[in-house]
Every structure is written in C-alpha cells, then in structure tokens.
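Numbering (the numbering used here), first residue to last: 31 to 314. Worksheet: one structure, shown below.
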C-alpha cells in the first residue's frame, strides 16, 4: 500500500493554496487527522470539504476513506484492518444527529448479534458454569466492566464464582486453577496480552475456557472450548467501547436468564435473600 505521507511530500510544492493547507496540517498532525471525519478536518484546516476531496484525489487516493486507510498504515504500521482507527469525530455536532447515529448503531449491532448467537454454545456455557467448582471471570477495561456484571449476576443467584479488577490477580488465579473449575474470559479484541496469558495458564491447568470476543479470528477464540461471539462492528482502536460493550452485556444477560430458568425456585430464593440483605431499612 502506497504511503499517504510520501505522496503528500511529493506534491507539496504544487498543491493549490487550499490543498496545501490540508497537506501541511496532515504532515504536522497525522494522528489527529485519523480521528476526524471530513467535516471536522475541513474545519481544522480552514478549507471547504470540496478542497479535502480534491486533495485526496491529487495524492492518488480514491476518496477520504481511502486516504485515511493509507494514512493509518503510515501511523500504525499495520495491515490488519481490525487495528485501524474507527473514529469519525467532529466538534459541535448537531445533538439530533448524535442521538440518531447512536441509536442506529445499537439497532444494527443488536440485529447482527441475534443472527450470530448459537443456542447450542450458549446452552453448553450454562451447563459448564453450573457444573464448575468455581467460575473464574477475567476481563480488563470495558470488558472488565462486563466481567464484573457477570460476576455480580452469578453471585446474586448463588453460583460459586470469582472476579477481581486487578489484572495480576486474574493471572495469579489462572495459575492456580483446578480442572473442575471453569473460566470465562471477556475481551472484545481477543488479543489483550494479559487475557491471552490467562488463557495460556488456564489451558495448562486443564480448566475449560469460555471466551466472549469479536467474531473475527483472534487468539482467545482459538484457545476456547466454547467461543461466544459478538459482532465486529467496531474496530479495536476506537473512541470507546459502545455497541461492543452493549453486545457483550446482552450475551451475559442471556446466560444469566438461562441459568435462572434451569433452577427457577432456587434462583428466586437467592434473589430475594440478597435483595433483602442489601436494601437496608433505614432507622433513625
């Protein structure tokens, strides 16, 4: 793939005034440019969107998206599309457009998630958790929040489980597993180094692994006994986990609901006890 920065430097002396502004801005702030949509880049450069389009064509790219793809290779030196920026940020956006865009993304992702779900794998995951001596839950960052959600759901219904937000403790726990334990590793990318290490130790200890990752091929998915998937609608490098986090939480809710349905009366008893214990009656 031809270097965008090299092409810009080649044409720098012959760019018209407006396109030269774009070229100089890109050369000075290539990382920032990857975060902008075309409207914001035009605003930052003080030119029209048409000037951005002409600039992209002049350096031999098919358009703004192709230009950003090539620029991302210059900045990040990777050919893996999952690791390319998925950011289209703009200042002072119309609130109505922001709301519409977020809801649209959620609707598309949930529709994809429903088609992606494998009932057999979900059922096997539930049986594995029910049979485990202890279910160990691993996850970091946004996936760590999902891991914590699974932890509090399991513990509410009396399922033996363990989670810590401390990554070193997660790896330590993986080093001391027994074959009758189960491990659930949550990582959207499936490539988080600490989670890969935890999976390697889990494999050495003979405990079965449930993973929850994006649907594309990844290291954690390959190591799993049961690989649960969410749509890969967000690239790994993004402004923040949005629909990916919601998809992960939806899968956790499905597992939780299936667990409750397996022993409804016991689950109701456990839920009532924990509700009564945690919702104190205030006395003065």
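No residue lacks a Cβ here, since even glycine has one placed at the ideal position from N, Cα and C.
Check whether the Cβ atoms of residue i and residue j lie closer than 8 Å to each other.
{"i": "residue 275", "j": "residue 197", "result": "no"}
{"i": "residue 263", "j": "residue 142", "result": "yes"}
{"i": "residue 162", "j": "residue 212", "result": "yes"}
{"i": "residue 239", "j": "residue 215", "result": "yes"}
{"i": "residue 64", "j": "residue 98", "result": "yes"}
{"i": "residue 285", "j": "residue 152", "result": "yes"}
{"i": "residue 279", "j": "residue 148", "result": "no"}
{"i": "residue 217", "j": "residue 173", "result": "yes"}
{"i": "residue 37", "j": "residue 82", "result": "no"}
{"i": "residue 229", "j": "residue 201", "result": "no"}
{"i": "residue 51", "j": "residue 75", "result": "yes"}
{"i": "residue 188", "j": "residue 300", "result": "yes"}
{"i": "residue 257", "j": "residue 232", "result": "no"}
{"i": "residue 135", "j": "residue 281", "result": "no"}
{"i": "residue 208", "j": "residue 235", "result": "yes"}
{"i": "residue 195", "j": "residue 165", "result": "no"}
{"i": "residue 105", "j": "residue 39", "result": "no"}
{"i": "residue 34", "j": "residue 91", "result": "yes"}
{"i": "residue 146", "j": "residue 221", "result": "no"}
Run through DSSP, which three-state label would residue i get?
{"i": "residue 225", "result": "helix"}
{"i": "residue 187", "result": "coil"}
{"i": "residue 309", "result": "coil"}
{"i": "residue 49", "result": "helix"}
{"i": "residue 285", "result": "helix"}
{"i": "residue 59", "result": "coil"}
{"i": "residue 302", "result": "helix"}
{"i": "residue 54", "result": "helix"}
{"i": "residue 268", "result": "Below a pLDDT of 50, predicted positions are generally treated as unreliable, and residue 268, at 48, falls in that range; the measurement from the model is reported next regardless. Coil at residue 268, not helix or strand."}
{"i": "residue 181", "result": "helix"}
{"i": "residue 276", "result": "helix"}
{"i": "residue 113", "result": "The predicted model places residue 113 with a pLDDT of 49, which falls under 50 and marks its position as unreliable, so this point remains unresolved."}
{"i": "residue 218", "result": "coil"}
{"i": "residue 104", "result": "helix"}
{"i": "residue 198", "result": "helix"}
{"i": "residue 293", "result": "coil"}
Residue i bridges to which residues according to DSSP?
{"i": "residue 260", "result": "244"}
{"i": "residue 166", "result": "192, 213"}
{"i": "residue 239", "result": "213"}
Around the Cβ of residue i, are there at least 16 other Cβ atoms within 10 angstroms (buried) or fewer (exposed)?
{"i": "residue 170", "result": "buried"}
{"i": "residue 78", "result": "exposed"}
{"i": "residue 139", "result": "buried"}
{"i": "residue 102", "result": "buried"}
{"i": "residue 225", "result": "buried"}
{"i": "residue 206", "result": "exposed"}
{"i": "residue 56", "result": "buried"}
{"i": "residue 243", "result": "buried"}
{"i": "residue 277", "result": "buried"}
{"i": "residue 298", "result": "exposed"}
{"i": "residue 261", "result": "buried"}
Q: Assess, as a yes-or-no matter, whether the stretch 287 to 307 is touched by the stretch 245 to 256 under the definition of 3 or more beta carbon pairs within less than 8 Å.
A: no
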